[in-house]
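Each residue of the first sequence is one higher than the one before, counting from 0 in numbering that gives the first Met the number 0. Heads up, the beta-carbon is just placed ideally off N, CA and C, and yes, glycines get one too.
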Amino acid sequence: MLRMSTLFLRTLRDDPSDAEVPSHKLLVRAGYIRRAAPGGFTWLPLGFIVLRNVERIVREEMDAAGFQEVHFPALLPKEPYEASGRWVEYGDNVFRLQDRHGADHLLAPTHEEMFTLLVKGMYGSYKDLPLAIYQIQTKFRDEARPRAGLLRGREFVMKDSYSFDVDDEGLQRSYDRHREAYIKTFERLGLPFVIVSAMSGAMGGSASEEFLTPLDVGEDTFVRCIDCDFAANTEAVEVPAPPTVAFDGLADAVVCDTPGTPTIQTLVDFFNASDELRRSDRDWTAADTLKNVVVKLRHPDGTTEPLAVGVPGDREVDPKRLEAQVSPAEVEPFDEADFAANPALVKGYIGPGVLGSEGPSGIRYLLDPRVVEGTQWITGADSEGKHVMNLTEGRDFTADGVIQAAEIVAGDACPACGGELEIARGIEMGHIFQLGRKYAEALDLKVQDESGKQVTVTMGSYGIGVSRAVAALAETNHDESGLIWPREVAPADVHLVIAGKEGGPQRPAAEQLAAEMEAAGVRVLFDDREGVSPGVRFKDAELIGVPTIVVCGRGIDADDPTQSMVEVKDRRSGERIDMPLTDVVGHVTGLN
RNA sequence: CGGGCUGUGGCGCAGUUUGGUUAGCGCACUUGUCUGGGGGACAAGGGGUCGGAGGUUCAAAUCCUCUCAGCCCGACCA
């Protein structure tokens, strides 16, 4: 039983000034956490109970799936991370430090290398596999900008698991088992989530999905279909190609003088204002134009290469989508010096005529999938003040390939069902992906197969943000008055309030009720403070957010306790019911 | 790393432009009395090197220089 008279707790009437998002404000105000360091929080007694509850649920679901728990140090030597290349790849995001001998160490941001080495040291046969092990541990990332309280810290609790299999089929099975376990875990936590396919990114690997909790304060943008269950990171959306059009009867390409039209908007306005160029059936729009954007790719070896991307003029090139497509190369702007080095490019009037590996510029040219054979475009004629119209793909120009780099906007067609896509914000709560053999190869993790041959193990890696889940739960479960915890993660089942004059019958009745509830296995947070007005107690109870609030007040009968009535309030619905004191234990043990 | 804003008792803020008694207010805290179903009232208290360092001045929370920290936007990121 938690007694508020002695609980290490101080609730605040005002929001802390450094808090912006609801979870941060409420968790501090209600006395769950306090900021201790940039991006680091102290867990106060109530908060620590919630954190452990989340941990327990995660642990139980991992165990139920047959995964085994281990625990690594957070402070690790540099060597394994050098072997995998991540000592360099992780860059400034990893905390590095030296010991007294000058040896390099790091505070682990994640543990692929250590798990790989652990298995290497213990197992050597295909008979030992499959294996999946996990830990729940504090991770460190030197975030450029910690923010939003617990949602993005530099130190946070994460559950990370790793699977080990001899072949791809085994990896797929391990992946699927984790996927199922994650679905159960998030359902049990009461966290809404969508599963989006993700690009595997810097960690390497192939199949990868993220579990996102939709939240406006989240920092990931994703798209989902309003008609079907399709959801994906914007980087992973594959825009389908429309059907091709036969060339028969298509108008010839015509070069037009279009003075003073360096932008898409000025170009479209010019066409619509011209008697010769105007369309009879409708106005020209930006979607009729083909915009060619040139960027510079920087490859990991340091070399650079220009790249031209052609997208319909009504959309921008999305840098993240582009970068995901050209990874591991990085995208840099094409600057004045680059234009000077490529005289074939006329800024503002770049057209397919000079682009392409075979073209005068020799610049590789990739097209948006919407630009299919037979589509006609208004685009640059590679000469100051000139554009070309009716330029037809496949007839008048071709490119080196297709690229998914145009921005996705709300209302775009769903790649799965053709319905309408919407853009939403979310926060990554879990991530599962098939690492493949990157780490096993780097660290030489092999086992003997049935024929006695050495084979490299294939791995998967799976994370859940545990401390982040506490924040996400607070974010998705609160109202104007305070937090509203799902029962399984709540710091208590019942918040018992004394609301009566000191010296009255309420306190002894509440004491007895608290003892009875506890004996029945109900977790009780008991507001047994003296000299605190009822208003304060009610406000605190609502702020703290225990799912059921029981009030011993006016209904307590001093003369005949068996006649006493108490009030039972559901924090979430706000519904209040009066019931006989003697029924309360039975009632609250039946809640869930 | 770029742009903007902010650092004053535990929390939230005023005071800084125009330097000048003892640095102020609300909440919280202590003591007492009253009150007792929605952060109640009255009274009396305790708690501050004004983020830090250096400088200007007879005098600095206030002016100058440097520095540290926090928040927001962007870049980056499980």
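Would you kindly report the start and end of the unbroken beta strand (DSSP E) that includes residue i?
i: Met61; result: Here Met61 belongs to no beta strand (DSSP E); instead the alpha helix (DSSP H) covers 44–63.
i: Pro332; result: 329–332
i: His110; result: Counting along the chain, His110 falls outside any beta strand (DSSP E), and DSSP gives it neither H nor E.
i: Glu604; result: Past the boundaries of the shown model lies residue 604; the chain is included only from 0 to 591, so the question cannot be answered.
i: Thr5; result: That residue, Thr5, is in no beta strand (DSSP E); it is neither H nor E in DSSP.
i: Arg575; result: 575–579
i: Leu442; result: Here Leu442 belongs to no beta strand (DSSP E), and DSSP marks it neither H nor E.
i: Gln433; result: 420–435
i: Leu512; result: Looking at the DSSP string, Leu512 is not in any beta strand (DSSP E); the run it does join, the alpha helix (DSSP H), is 505–518.
i: Glu566; result: 564–569
Are residue i and residue j closer than 7 Å when you measure CB to CB?
i: Ile555; j: Ala508; result: yes
i: Ser22; j: Ala470; result: yes
i: Glu237; j: Pro72; result: no
i: Ala491; j: Val545; result: yes
i: Leu214; j: Glu474; result: yes
i: Ala29; j: Thr10; result: yes
i: Val316; j: Val292; result: yes
i: Leu495; j: Phe525; result: yes
i: Thr457; j: Asp164; result: yes
i: Gly418; j: Asp274; result: no
i: Ser356; j: Asn341; result: no
i: Gly309; j: Thr288; result: no
i: Ser466; j: Leu8; result: no
i: Val222; j: Ile402; result: no
What are the boundary residues of the alpha helix (DSSP H) that includes residue i?
i: Ile606; result: In the structure as shown, the chain starts at 0 and stops at 591, and residue 606 therefore has no counterpart that could be examined.
i: Glu186; result: 167–188
i: Lys24; result: 21–28
i: Asp337; result: 335–340
i: Val193; result: First-last for Val193: 193–196, but that is the beta strand (DSSP E), not the alpha helix (DSSP H).
i: His494; result: Careful: His494 lies outside any alpha helix (DSSP H), inside the beta strand (DSSP E) at 493–497.
i: Thr588; result: 583–588
i: Leu321; result: 318–325
i: Tyr80; result: 78–83
Got a sec? Which residues, its chain only, sit under 7 Å from residue i by beta carbon, not counting five neighbours each side?
i: Leu116; result: Pro79, Leu442
i: Val254; result: Ala380, Lys385, Val387
i: Thr581; result: Thr561
i: Pro241; result: Arg369, Val371
To the nearest angstrom, how far is it from the Cα of residue i to the Cα of residue j?
i: Asp166; j: Gln134; result: 24 Å
i: Pro387; j: Ala252; result: Correcting the residue type first, residue 387 is Val in the shown sequence and not Pro. Distance between the alpha carbons of Val387 and Ala252: 7 Å.
i: Val87; j: His298; result: 16 Å
i: Pro258; j: Glu383; result: 8 Å
i: Ser199; j: Glu111; result: Because the pLDDT of Ser199 is 45, which lies under 50, any placement of that residue in the model is unreliable, and the number read from its coordinates should be weighed accordingly. Spanning the two alpha carbons is a distance of roughly 15 Å.
i: Met564; j: Leu482; result: 27 Å
i: Phe270; j: Trp283; result: 7 Å
i: Leu593; j: Arg153; result: Since the first residue of the chain shown is 0 and the last is 591, residue 593 is not available in this structure.
i: Met3; j: Asp527; result: 6 Å
i: Ser83; j: Ala102; result: 18 Å
i: Gly589; j: Ala323; result: 51 Å
i: Ala339; j: Lys295; result: 14 Å
i: Val583; j: Leu188; result: 26 Å
i: Arg140; j: Glu515; result: 46 Å
i: Tyr592; j: Glu440; result: The chain is shown only over 0 to 591; residue 592 falls outside these bounds and no answer can be derived.
i: Gly573; j: Trp484; result: 13 Å
i: Asp367; j: Val193; result: 27 Å
i: Asp127; j: Lys119; result: 11 Å
i: Val330; j: Gln433; result: 26 Å
i: Gly534; j: Ala235; result: 52 Å
i: Gly184; j: Glu60; result: According to the sequence displayed, residue 184 carries Thr and not Gly. Going by the C-alpha atoms only, they are around 6 Å apart.
i: Tyr364; j: Val371; result: 14 Å
i: Phe66; j: Tyr122; result: 16 Å
i: Arg12; j: His70; result: 40 Å
Give me, in chain order, the residues of the same chain whose beta-carbon lies closer than 8 Å to that of residue i; leave out the 5 immediate sequence neighbours on both sides.
i: His104; result: Leu74, Leu75, Pro76, Lys77, Arg95, Leu96, Gln97, Asp98
i: Arg219; result: For the sequence presented, residue 219 should be read as Asp rather than Arg. So the list reads Glu209, Leu211, Asn232, Arg424, Gly425, Ile426, Glu427, once near-sequence residues are dropped.
i: Asp448; result: Tyr125, Val165, Val454
i: Tyr348; result: Pro261, Gly379, Ala380, Asp381, Ser382, Glu383, Gly384, Lys385, His386
i: Glu501; result: Glu529, Gly530
i: Leu43; result: Phe7, Leu8, Gly30, Tyr31, Ile32, Arg33
Taking 6 Å as the limit between beta carbons, can you name the residues of its chain near residue i, skipping five residues before and five after?
i: Val244; result: Gly373
i: Gly462; result: Met157, Asp159, His430
i: Ile362; result: Pro305, Ala307, Leu354
i: Arg176; result: Ala64
Segments of 4+ residues assigned as alpha helix (DSSP H) that fall wholly inside the stretch 445–476:
Whole alpha helix (DSSP H) segments, 4+ residues: 465–475.
In chain order, each alpha helix (DSSP H) run of at least 4 residues that lies wholly inside the stretch 352–395:
Fully contained in the stretch 352–395 is no alpha helix (DSSP H) run of length 4 or more.
Would you mind listing the beta strand (DSSP E) stretches within the stretch 206–289 that are 3+ residues and don't spill past its ends, in chain order?
Whole beta strand (DSSP E) segments, 3+ residues: 207–213, 219–224, 230–232, 253–256.
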